[in-house]
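Presented below is the structure to which this report refers.
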Amino acid sequence: MKSPRKAVAIVAVGIASAGLLSACSADAGSDDGKVHISVASLIPGTEQAAFDAFDARVAEFEKLNPDIVVDPVEYEWKATTFTAQLAGGTLPDVFRIPLTDGRTLIANGQLADLTAQVEALPYFDQFNPSVLATAQDDQGNIYGIPREAYAIGLHYNRDLFEQAGLDPDDPPTTWDEVREDAKAIADATGQAGYMQMTQSNTGGWQTTAATVSRGGRMEEGEGDTTTVTLDNDATKESLEFLKELRWQDNSMGSNFLFDWGTINQAFAAGQIGMYTSGSDLFTSLTRENNLDPAIYGLAAIPITDSPEAAIMGGGTLNVVSAKATDEQKDAAVKWIDFYDVAKLVDQDAAVADAKILADQDQAVGTPALPIFDQATLDQSREWIADYINVPQDQVSYFAEGNVGRTLVGEPAVHTQDLYAALDTVVQAVLTDQNADIDALLAKANSDVQALVDAD
Amino acid sequence: MSTLERPARTPRRSPVSWVRRGGLSNLLFMLPLLVIFGVFSWKPIVEAVVMSLQKTNLVSPATFIGLDNYVKVLSDPQLGQAALNTLYFAALALLFGYPVPLVVAVLMSEVKRARGLYSALAYLPVVVPPVVAVLLWKVFYNADPTGPFNTVLSWVGIPPQPWLQSAASAMPSLVLEATWAAAGGTIIIYLAALTSVSPDLYDAAEIDGAGIWKKVWHVTLPQLRGVLLITFILQIIGTAQVFLEPFLFTNGGPANSTSTILLLIYRYAFQNSLGGNYGAATALSVLLAVFLAVFSLIYFRLTKSWSSE
């Protein structure tokens, strides 16, 4: 070494490099003897009161289960970010997925087997079998717990209805009435009378709901033998409907690129008269978009006379990361039971949950579909009747309109690819007056069929 | 008899002499850089090439499938449209984004007073975080007659424009914002280069009777040749990788009219919530990288004589 200063510098650089390398392998562990689980909490951007309500539930749970530590993580399921989180290992231990994704994620080995834990739940044999089936593999093993179920409904702005001289207590019940009301709203207020989601696969999702309501289906058959039927008459009719509203009536405003989050924003801001989305939307609209409950109305989606016409439903599963240990799985199912499910079957749990939500001004009594059976859902609503703050008379048209209707699930095979292909078609119809619906659907159909055939 | 003297033998490079000559300390000083570059740059690049030959969802074990990903990517009907859109974006960006900063820089260099103020103003958009800028412009581009840009247009009697809401105007709208956002950086480069042009040349041109445009054409541009060539290729490489604007403004819409190569790569990887096709995504990334490398080589080969003239 030529000089002591140089030697010191070299050693310093060496230490710094070694530190850099060792930092890569550092791992945070916990040695308090408790089971730690991270759980999906609320959507990023949710108002503080909702987080307070969530934290209150966590504190209560930890008091009941002193050996479990719950670590809430903000979470929003989005097709585009979910894959990255899944691959990157950044999902919480307990998270939520759409019913349609259960089977494939199970087959890919990405979810933990919860059979033992779920079968031990006191209400295990009461689950609606067709809902539970979305969380099971071919051998009947259970990988998830149904959390909620919804049907697509027609959300509308009562304020815009009044401004347009329409009766907000008489929402449209046919697609023709939707068209008339949309035109009235657009003419009177300058806002979009009717709008549909178009982006991030939600355009396909809502076009599928509109198709089902007109008696069409996007797929026939099962598994590898599935035939894609995007070019069915009901889909064409749904797109023609949009085309007429957009280009003949000019009742869809000027902006046509919306996904789930941005259409909710626009609706809460009073820019949209009517749109279709899941029936459980009220919670999110008030929590994330500051919707004034007084302007909110929910009606059943119109269905046609076709014998196949139905309402499309969906839902979410609570699932656990495949990397969870047995202790974490036990703790996870305890948490899911405590936070999401027990309130549907146990009076004390139902009241405790509703009380905390109501105290924090969070929605109680949002229209939902049963994950057990209708009687259980009705019973749970009775228990919490004192706390219900969702204006029931404004959303009653949803339940009344859906009496006796058939509920069908989302397309099962390549769901997100199918929705993505339809996004393009919907966008073309809304932004290009000369869009050729038949040709667009034929192309989308062959693209998705090619993906199915390649499996 | 004359003897040819053997050339002096180069000293043997033994490990000991290498250390004595400071080789070890050089290496140690370079180590942090090598490690950082290796771990965060070269390792991912090599891994990406390997992954482009695999079928993987990053959770289950990967399997090698040869060139299948490349076949799939090249036969994807969306590739043609994405490539055309990217070319369209690059062409529009060249049309607006290349000359505008040059003109502004030349004008600014002619300004004698408050040049710092103009530089700061020109550079300001670069300081705004890109996502913030795009979201701001998204508000400006509101296609309602009451949207900010449409309101301004209405003052001069121009009817409301659809901006992002039509396949025809979406891409130019993206380029407009991208040019606004990026021009500041290029202007600063040109300004710096302009200061290196000798004032004698301008004086000589002036004596010869040249006006401002002749001075620009015969003095400024030839003197900036080297910088212009570099900013040109940087612009091409940058626009070929455009992602932020189409992703945030339109997510590729309306009807794929703004879907670019990088957006397509993103969709392969992340569009399907049931496990992305990371193999196809990396295969297309590798193809794009190879294309840009080859393009740059040819470009420098073709312009070599010009730039060293």
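Chains A and B, in that order, are what the protein sequence lines are.
The first sequence begins at 1 in UniProt numbering and counts up one residue at a time.
The second sequence begins at 1 in UniProt numbering and counts up one residue at a time.
Glycine included, every Cβ here is placed at the ideal spot set by N, Cα and C.
Let me check understanding here. Comparing Cα to Cα, which of the options lies closest to residue i?
| i | options | result |
| --- | --- | --- |
| Leu-228(B) | Ile-187(B), Thr-86(B), Leu-263(B), Ala-143(B) | Ile-187(B) |
| Pro-391(A) | Phe-282(A), Thr-431(A), His-414(A), Gln-360(A) | Phe-282(A) |
| Ile-384(A) | Pro-370(A), Ala-420(A), Asn-264(A), Leu-344(A) | Leu-344(A) |
| Pro-246(B) | Leu-74(B), Phe-29(B), Trp-137(B) | Trp-137(B) |
| Val-49(B) | Ala-205(B), Ile-265(B), Gly-279(B), Thr-303(B) | Gly-279(B) |
| Gln-427(A) | Asn-272(B), Ala-170(B), Pro-44(B) | Ala-170(B) |
| Thr-231(B) | Leu-102(B), Leu-27(B), Asp-68(B), Thr-86(B) | Leu-102(B) |
| Asp-144(B) | Asn-255(A), Ala-352(A), Thr-424(A) | Asn-255(A) |
| Gln-48(A) | Ser-38(A), His-36(A), Glu-288(A), Gly-88(A) | Glu-288(A) |
| Asp-361(A) | Phe-54(A), His-36(A), Ala-442(A) | Phe-54(A) |
| Ile-236(B) | Thr-146(B), Gly-97(B), Lys-304(B), Val-19(B) | Gly-97(B) |
| Ala-50(A) | Ala-421(A), Ala-358(A), Phe-82(A) | Ala-358(A) |
| Asn-256(B) | Ile-298(B), Gln-81(B), Val-152(B), Val-35(B) | Gln-81(B) |
| Asp-52(A) | Val-35(A), Pro-72(A), Asn-65(A) | Pro-72(A) |
| Phe-372(A) | Leu-132(A), Gly-89(A), Asp-67(A), Leu-86(A) | Leu-132(A) |
| Thr-282(B) | Val-219(B), Asn-57(B), Ser-52(B), Glu-177(B) | Ser-52(B) |
| Asp-346(A) | Leu-377(A), Asp-137(A), Val-69(A), Leu-430(A) | Leu-377(A) |
| Val-413(A) | Gly-190(A), Asp-330(A), Asp-455(A) | Asp-455(A) |
| Tyr-123(A) | Glu-382(A), Ala-349(A), Val-341(A), Thr-415(A) | Val-341(A) |
| residue 544(A) | Asn-264(A), Val-178(A), Ala-184(A), Gly-278(A) | There is no way to answer for residue 544(A), as the model of chain A reaches only from 1 to 455. |
Would you say residue i and residue j are within 8 Å of each other, going by their C-beta atoms?
| i | j | result |
| --- | --- | --- |
| Val-319(A) | Ile-97(A) | yes |
| Ala-399(A) | Met-312(A) | no |
| Thr-173(A) | Pro-367(A) | no |
| Ala-299(A) | Tyr-156(A) | yes |
| Val-242(B) | Thr-86(B) | yes |
| Gly-193(A) | Asp-176(A) | no |
| Asp-93(A) | Val-58(A) | no |
| Leu-191(B) | Ala-105(B) | yes |
| Thr-304(A) | Gln-196(A) | no |
| Glu-148(A) | Asp-280(A) | yes |
| Pro-146(A) | Gly-315(A) | yes |
| Gln-433(A) | Trp-247(A) | yes |
| Thr-80(A) | Ser-200(A) | yes |
| residue 354(B) | Leu-79(B) | There is simply no residue 354(B) to check, as chain B begins at 1 and stops at 309 in what is shown. |
| Leu-257(A) | Thr-198(A) | yes |
| Lys-329(A) | Gln-117(A) | yes |
| Ala-93(B) | Val-175(B) | yes |
Given that residue i touches chain B, what residues does it touch there, using C-beta distances under 7 Å?
| i | result |
| --- | --- |
| Asp-447(A) | Pro-77 |
| Thr-189(A) | In chain order: nothing, as chain B lies at least about 12 Å away. |
For residue i, which residues from the same chain have a beta carbon less than 8 Å from its beta carbon, with the 5 sequence-adjacent residues on both sides left out?
| i | result |
| --- | --- |
| Ala-26(A) | Residue confidence for Ala-26(A) is low, a pLDDT of 36 falling below 50, so the modelled location carries little weight and cannot support an answer. |
| Gly-45(A) | Glu-288 |
| Gly-29(A) | Caution applies to Gly-29(A), whose pLDDT of 44 falls short of 50 and renders its modelled position unreliable; the model cannot decide the point. |
| Ser-41(A) | Phe-51, Phe-54, Pro-72, Val-73, Glu-74, Tyr-75 |
| Lys-304(B) | none |
| Asp-232(A) | It is Asn, not Asp, that sits at residue 232(A) in the sequence shown. Only Thr-211, Gly-216, Arg-217, Met-218 meet the Cβ criterion. |
Anything in chain A within Cβ reach of residue i, meaning under 8 Å, just list it in chain order.
| i | result |
| --- | --- |
| Phe-243(B) | None at all; the shortest Cβ gap to chain A is about 13 Å. |
| Thr-250(B) | Leu-257 |
Excluding the five sequence neighbours on either side, which residues of its own chain have a C-beta within less than 7 Å of the C-beta of residue i, listed in chain order?
| i | result |
| --- | --- |
| Pro-411(A) | Thr-208, Met-218, Glu-219, Leu-418 |
| Glu-309(B) | In this prediction, Glu-309(B) scores a pLDDT of 49, lower than 50, which makes its location untrustworthy; the coordinate-derived value is nonetheless stated afterwards. Answer for Glu-309(B): no residue qualifies. |
| Asp-76(B) | none |
| Gly-221(A) | Thr-227 |
Considering only residues of the same chain and omitting the five flanking positions on each side of residue i, which have a CB-CB separation below 6 Å?
| i | result |
| --- | --- |
| Thr-211(A) | Ala-234, Thr-235, Ser-238 |
| Ala-193(B) | Leu-224, Val-227 |
| Gly-161(A) | Going by the sequence as given, residue 161(A) is Phe instead of Gly. These residues qualify, in order along the chain: Pro-168. |
| Cys-24(A) | With a pLDDT of only 41 at Cys-24(A), under the threshold of 50, the placement of this residue in the model should not be trusted, and no figure is reported. |
| Glu-308(A) | Gly-215 |
| Ile-272(A) | Ala-192, Met-195, Ala-266 |
| Arg-158(A) | Pro-168, Ile-295, Gly-297 |
| Val-13(A) | Any reading at Val-13(A) is ruled out, since the residue's pLDDT is 47, under 50, leaving its predicted position unreliable. |
Report the neighbours of residue i on chain A: residues whose CB is nearer than 7 Å to its CB, in chain order.
| i | result |
| --- | --- |
| Phe-270(B) | Thr-80, Thr-83, Ala-84 |
| Ala-167(B) | Thr-431, Asp-432 |
| Asn-256(B) | Thr-424 |
For residue i, which residues in chain A fall below 9 Å Cβ to Cβ?
| i | result |
| --- | --- |
| Asn-57(B) | Thr-83, Leu-86, Ala-87, Asn-108, Gln-110 |
Closest Cβ-Cβ distance between residue i and chain E: below 8 Å?
| i | result |
| --- | --- |
| Thr-424(A) | Considering every chain present, this structure includes no chain E. Its protein chains are A and B. |
Is residue i close to the ligand MN? I mean its beta-carbon at under 7 Å from any heavy atom of the ligand.
| i | result |
| --- | --- |
| Val-50(B) | Judged by which ligands are present, the structure shown has none, so any question about the ligand MN falls away. |
Residue ranges of each beta strand (DSSP E) within the segment 143–198 of chain B, 3 or longer: Segments of the beta strand (DSSP E) lying fully in the segment 143–198 of chain B: there are none.
Secondary structure, alpha helix (DSSP H): runs of 4+ residues fully inside the segment 24–78 of chain B: Entirely contained in the segment 24–78 of chain B, the alpha helix (DSSP H) runs reaching 4 residues are, in chain order, 43–51, 68–74.
Runs of alpha helix (DSSP H) lying entirely within the segment 349–428 of chain A, each at least 4 residues, in chain order: Within the segment 349–428 of chain A, the alpha helix (DSSP H) runs of at least 4 residues that lie entirely inside it are, in chain order, 374–383, 392–402.
4-residue-minimum alpha helix (DSSP H) runs that sit fully inside the segment 313–337 of chain A, ordered along the chain: You should have 326–336.
Sequence ranges, alpha helix (DSSP H) only - wholly within the segment 223–268 of chain A, length at least 4: Runs of the alpha helix (DSSP H) inside the segment 223–268 of chain A: 233–243, 260–268.
Beta strand (DSSP E) runs contained entirely in the segment 153–184 of chain A, provided each spans 3 or more residues: Runs of the beta strand (DSSP E) spanning 3 or more residues and lying entirely within the segment 153–184 of chain A do not occur at all.
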